[in-house]
Amino acid sequence: MTAYGMTGYVRRLDEDRVVKVAKTYSLDHHVGTPAFDDTECINEVNRKTLENEVAIYRRLVAFAKQGDLEDYIKSAPEPPGPLKVDWILSIIDAFSYIHSRRVLVDDIALRNILVSDGQLKLADLGQSILLLMSTSMDTVCHREPFLSDRCWRG
Numbered sequence: 001m002t003a004y005g006m007t008g009y010v011r012r013l014d015e016d017r018v019v020k021v022a023k024t025y026s027l028d029h030h031v032g033t034p035a036f037d038d039t040e041c042i043n044e045v046n047r048k049t050l051e052n053e054v055a056i057y058r059r060l061v062a063f064a065k066q067g068d069l070e071d072y073i074k075s076a077p078e079p080p081g082p083l084k085v086d087w088i089l090s091i092i093d094a095f096s097y098i099h100s101r102r103v104l105v106d107d108i109a110l111r112n113i114l115v116s117d118g119q120l121k122l123a124d125l126g127q128s129i130l131l132l133m134s135t136s137m138d139t140v141c142h143r144e145p146f147l148s149d150r151c152w153r154g
């Protein structure tokens, strides 16, 4: 097993390939009990989640012609200064907009920024938190203890 997630497992097939499978639970010991329907529902939700992920990743692949930014930095020549400035400004604009929509992004990482035709595209907002539009983003980290470890404080 390579990785465990909330709804699935990632298994290594060989040196260059992995596969994700939906996490399912055995129904055998639940037959005839109220837990049977609940367990089957969880299994079905996990299967549907994987189907949705497949659809999302198929769309994302179109935007990932040059891979993610982490791999791009390692393998491509350093981009010219003006392009780096454009990239920085585009990321600032993107996160500023996301923040204005009261979304807290949980997994900001170079691997979640795709490079396509010299443009950057954000990916993987799956663990983000959507807050009410009336929420003050200036104080949310201080008022909500469950968010405190997810908030960056300068």
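Heads up, the final residue of the sequence shown is numbered 154 in UniProt numbering, and it's a clean run with no missing numbers. We put the CB at the ideal spot given by N, CA and C, even for glycine.
- 91 is the residue among 91, 108 and 46 whose C-alpha sits nearest the C-alpha of residue 119.
- The beta carbon of residue 47 sits closer than 7 Å to those of 22, all from its chain and outside the five residues before and after it, given in chain order.
- For residue 136, there is no enclosing beta strand (DSSP E), as DSSP marks it with neither H nor E.
- Excluding the 5 residues flanking it on each side, residue 112 has same chain C-beta neighbours closer than 6 Å at 123 and 124, in chain order.
- Take the alpha-carbon of residue 41 and the one of residue 9: they are about 18 Å apart.
- Secondary structure of residue 14 (DSSP, three-state): strand.
- With fewer than 16 other CB atoms across the displayed protein chains lying within 10 angstroms of its CB, residue 37 is exposed.
- Inter-residue distance for residue 108 and residue 94 is about 12 Å (C-alpha atoms, whole angstroms).
- Separation of the CB atoms of residue 114 and residue 70 is rounded to 10 Å, and the pair is thereby denied contact status at 8 Å.
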